[in-house]
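Trainee: First, the structure itself, so that you have it in front of you.
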Amino acid sequence: MRLRVLCTASLLLLVLPAPASASPGLWPLTDLAAQRVQIADKVAAAKFGTPSPIDDPVREQQILDSVAAKAPGLGLDPSAVVRFFRDQIEANKVVQRGLYALWTEHPGTRPPERPDLGTEVRPVIDRLNAGLLTELAETRDARARRSCDVRLAVTVRLVDARRGLDRLHSGALSEAVASACSRS
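In short: position in the sequence shown from 1, add 90, done, that's my numbering.
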């Protein structure tokens, strides 16, 4: 029964528009950031109990170099884009560390299967990163407005509620979008 409710809620997320109180310009960016925070569960499941550390400086630098290289073509400042994606990476690690602590303390909560990081998880992260980069370009004006911080805070809370994030993921989402607003 719980699975059916979760599946129904997930389907509603896909078909329901952003609430009117959310900033329409910031909703897609924030929702993609939430999805990226949620994929951290699979990253953690893939790495937990293996020699793979949570911190992966080589992979992280590949992501940062890639988005920095694409930023000028989208009319974005590479350093601002790197800052935003560094927040994404750090938020992902917050979730991984939180899940590691939970699974260590309560072994019965460990995921039953280990997803393949290379074939199952990283392609999703790459797709989310591409979407986030596009949304950064699309929301340039909204993110530069004086009201961005307030509008983003409201949108974060609404995305959080819509996705039913727990405390760990909610905090990570706030961290993931911390540098989204710009005053340039």
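Glycine is no exception: its CB is placed at the ideal position from the N, C-alpha and C atoms.
Could you tell me the alpha carbon to alpha carbon distance between Ser272 and Thr120, rounded to whole angstroms?
Mentor: In the sequence shown, residue 272 corresponds to position 182, counting from 1. In the sequence shown, residue 120 corresponds to position 30, counting from 1. Between Ser272 and Thr120, the C-alpha separation is close to 15 Å.
Trainee: What does the alpha-carbon distance come out to for the pair Glu210 and Ala136?
Mentor: In the sequence shown, the residue the question calls residue 210 occupies position 120. In the sequence shown, the residue the question calls residue 136 occupies position 46. In a straight line, the C-alpha of Glu210 is about 10 Å away from that of Ala136.
Trainee: Thinking just about the alpha-carbon of each residue, which of Gln125, Thr229, Arg257 and Val171 is nearest to the one in Arg217?
Mentor: Residue mapping note: residue 217 aligns to position 127 of the sequence shown, counting from 1. Nearest C-alpha to Arg217: Gln125.
Trainee: If Ala243 and Asp177 are in contact, beta carbons under 8 Å, what's the gap, nearest whole angstrom?
Mentor: Taking the sequence shown and counting its residues from 1, the one referred to as residue 243 is at position 153. Taking the sequence shown and counting its residues from 1, the one referred to as residue 177 is at position 87. Not a contact, Cβ separation roughly 15 Å.
Trainee: Which full runs of the beta strand (DSSP E) of 3+ residues lie inside the segment 173 to 252, going along the chain?
Mentor: none
Trainee: Kindly indicate which three-state DSSP category Thr140 falls into: helix, strand or coil?
Mentor: Counting from 1 along the sequence shown, the entry for residue 140 is found at position 50. Coil, per DSSP.
Trainee: Mapping DSSP to helix, strand and coil, what is Asp146?
Mentor: The residue given as residue 146 occupies position 56 in the sequence shown. If DSSP states are grouped into helix, strand and coil, Asp146 belongs with coil.
Trainee: Tell me which residue opens and which closes the alpha helix (DSSP H) that Leu258 is part of.
Mentor: Numbered from its first residue, the sequence shown carries residue 258 at position 168. Counting along the chain, the alpha helix (DSSP H) containing Leu258 begins and ends at Arg257 to Ala266.
Trainee: Using three-state DSSP, classify Gly163 as helix, strand or coil.
Mentor: Here residue 163 refers to the residue found at position 73 when the sequence shown is read from its first residue. Correct three-state label for Gly163: helix.
Trainee: Taking the alpha-carbon positions, what's the Ser113 to Pro141 distance?
Mentor: Working through the sequence shown from its first residue, we reach residue 113 at position 23. Working through the sequence shown from its first residue, we reach residue 141 at position 51. With a pLDDT of 46 at Ser113, under the threshold of 50, the predicted position of this residue should be treated as unreliable, though the coordinate-derived value follows. Whole-angstrom Cα-Cα distance: 42 Å.
Trainee: Rounded to the nearest angstrom, what separates Asp231 and Gly139 at their Cα positions?
Mentor: Start at 1 with the first residue of the sequence shown, and residue 231 comes out as number 141. Start at 1 with the first residue of the sequence shown, and residue 139 comes out as number 49. Cα to Cα, Asp231 sits roughly 44 Å from Gly139.
Trainee: On the criterion of 16 or more Cβ atoms from any shown chain inside 10 Å, does Gln186 qualify as buried, or is it exposed?
Mentor: Counting from one through the sequence shown, the residue named residue 186 turns up at place 96. Gln186 should be labelled buried.
Trainee: Between Ala181 and Leu258, is the Cβ-Cβ spacing less than 8 Å?
Mentor: Indexing the sequence shown from 1 puts residue 181 at position 91. Indexing the sequence shown from 1 puts residue 258 at position 168. No, the pair does not count as a contact, with Cβ atoms beyond the cut-off.
Trainee: Is it true that the CB of Gly165 sits closer than 8 Å to the CB of Leu220?
Mentor: On the sequence shown, position 130 is the one that residue 220 refers to. On the sequence shown, position 75 is the one that residue 165 refers to. The sequence shown places Ala at residue 220, rather than the Leu named in the question. Not a contact, by the Cβ cut-off of 8 Å.
Trainee: What number of angstroms, rounded off, separates the C-alpha of Ala123 from the C-alpha of Asp206?
Mentor: Within the sequence shown, numbered from 1, the residue matching residue 123 stands at position 33. Within the sequence shown, numbered from 1, the residue matching residue 206 stands at position 116. If I take the Cα positions, the gap works out to 22 Å.
Trainee: When DSSP labels each residue in this structure, what does Ser269 get in the three-state scheme?
Mentor: Along the sequence shown, read from residue 1 onward, the residue named residue 269 stands at position 179. If DSSP states are grouped into helix, strand and coil, Ser269 belongs with coil.
Trainee: Contact defined as beta carbons within less than 8 Å: I believe Val172 pairs with Leu189. What is the distance between those atoms, to the nearest angstrom?
Mentor: Taking the first residue of the sequence shown as position 1, residue 172 is located at position 82. Taking the first residue of the sequence shown as position 1, residue 189 is located at position 99. No, Val172 and Leu189 are not in contact; Cβ-Cβ is about 26 Å, not under 8 Å.
Trainee: So, with DSSP's three-state summary, where would you put Ser111?
Mentor: Taking the first residue of the sequence shown as position 1, residue 111 is located at position 21. Caution applies to Ser111, whose pLDDT of 43 falls short of 50 and renders its modelled position unreliable; the value that the coordinates give is listed next. Residue state, collapsed to three classes: coil.
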